[in-house]
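Quick note, the sequence shown lines up with residues 1 to 246 if you use full-length UniProt numbering.
Note that CB positions come from ideal geometry on N, CA and C, so glycine has one too.
Everything numeric in this text was worked out from a predicted model, so none of it was measured.
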Amino acid sequence: MDSSSGTPGVRRKIPEMSAVVRDDNPYSRLMALQRMGVVDNYRAIRHKCVLVVGVGGVGSVASDMLARCGVGKLILFDYDKVELANMNRLFFTPKQCGQSKVEAARATLLEINPDVTIEAHNCNICSEFDLFFDRIVNGGLPLASLSETAGSRGRHPPVSPSLEQKEGKCPVDLVLSCVDNFAARITISQACNEAGVLWMNSGVSESATSGQIQTCIPGLLACFQVRQRGRRKKTLRGKITMELFF
Numbered sequence: 001m002d003s004s005s006g007t008p009g010v011r012r013k014i015p016e017m018s019a020v021v022r023d024d025n026p027y028s029r030l031m032a033l034q035r036m037g038v039v040d041n042y043r044a045i046r047h048k049c050v051l052v053v054g055v056g057g058v059g060s061v062a063s064d065m066l067a068r069c070g071v072g073k074l075i076l077f078d079y080d081k082v083e084l085a086n087m088n089r090l091f092f093t094p095k096q097c098g099q100s101k102v103e104a105a106r107a108t109l110l111e112i113n114p115d116v117t118i119e120a121h122n123c124n125i126c127s128e129f130d131l132f133f134d135r136i137v138n139g140g141l142p143l144a145s146l147s148e149t150a151g152s153r154g155r156h157p158p159v160s161p162s163l164e165q166k167e168g169k170c171p172v173d174l175v176l177s178c179v180d181n182f183a184a185r186i187t188i189s190q191a192c193n194e195a196g197v198l199w200m201n202s203g204v205s206e207s208a209t210s211g212q213i214q215t216c217i218p219g220l221l222a223c224f225q226v227r228q229r230g231r232r233k234k235t236l237r238g239k240i241t242m243e244l245f246f
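Now the structure itself:
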């Protein structure tokens, strides 16, 4: 039982990230990144929203780590259900078999960190493009005050808020493509290019001997479709192949 909440297995929400290492604050060790100068203001992560497409082998791990790090909001998209075959690599439990992956993931992630806002959509983004696109452009968190987002060295947000952002219609900060099919990747590419939102494509081969990570910044880096057309076939076997574009 969590003595601070009085409920078995449930901790209270934590309003502040402690800059001092404390046993009762899960963020205090993460704040070391700020103390070491790796980031200017780690607390800013609480005002970030990440949309994850696919809550499978890659997406479940990404969502898990983001929740533990204290991201402000997660938006999950998947249309699959939890199966016993998933137990070898995903964070689901046998009692969740038959549930939609996004709802099961939401329940698990809220147990891990109740501070995170989690939005779940049990649907196929290819057939529900309008909903998917709407959550990209309108699903983000409202901009925080300058005092909350300014860096530890006094830096302010580099981009001025648009009228839509001031009214609460904010795009997500990042889209993670954790899908296993080309059609979904094309859909994500199309939506993010239209919305002007940064996204990352990732994938691991069925044999787990190769993988790919690609960062796509609309208007700055070549889009996913172009990269795929110009991509040289890789025949390396037994090695991890990653494409990093930063």
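Per DSSP, reduced to three states, the secondary structure at residue 38 is coil, with no helix or strand assignment. Here the region 169-180 lies against the region 48-58, with 3 or more beta-carbon pairs under 8 Å apart. Here residue 173 carries a coil assignment [DSSP, helix/strand/coil]. Residue 100 has 81 as its beta-bridge partners, per DSSP.
Inclusion of residue 53 and residue 179 in the CB contact set at 8 Å is warranted, their separation being smaller than that value. Between the region 125-137 and the region 177-196, the count of C-beta pairs closer than 8 Å reaches three or more; the two stretches touch. A buried status is given to residue 78, since no fewer than 16 other beta-carbon atoms sit within 10 Å of its beta-carbon. Residue environment analysis places residue 191 among the buried positions, since at least 16 neighbouring C-beta atoms fall within 10 angstroms of its C-beta. Assignment of beta strand (DSSP E) within the region 173-228, counting only whole runs of 3 or more residues, yields 174-177, 199-204 and 211-216 in chain order. Looking at 26, 131 and 42, the one whose alpha-carbon comes closest to that of residue 33 is 42. Just so you know, the alpha carbons of residue 19 and residue 62 end up roughly 25 Å apart.
Each of 216, 188 and 224 was checked against the Cα of residue 133, and the nearest Cα belongs to 188. A residue is called buried once 16 or more other Cβ atoms fall within 10 Å of its Cβ, and residue 108 is buried on that count. Counting along the chain, residue 138 sits inside no beta strand (DSSP E); it lies in the alpha helix (DSSP H) bounded by residues 129-138. Below 8 Å, enough C-beta pairs join the region 69-89 and the region 111-120 to call them touching: three or more. Between the alpha carbons of residue 12 and residue 44 lies a gap of roughly 21 Å. Leaving aside the five residues that flank residue 194 on each side, the residues in its chain whose CB is nearer than 8 Å to its CB run, in chain order, 133. The Cβ atoms of residue 57 and residue 106 do not sit closer than 8 Å to each other. Bridge partners of residue 49 according to DSSP: 73.
Distance from the CA atom of residue 199 to the CA atom of residue 91, rounded to whole angstroms, is 24 Å.
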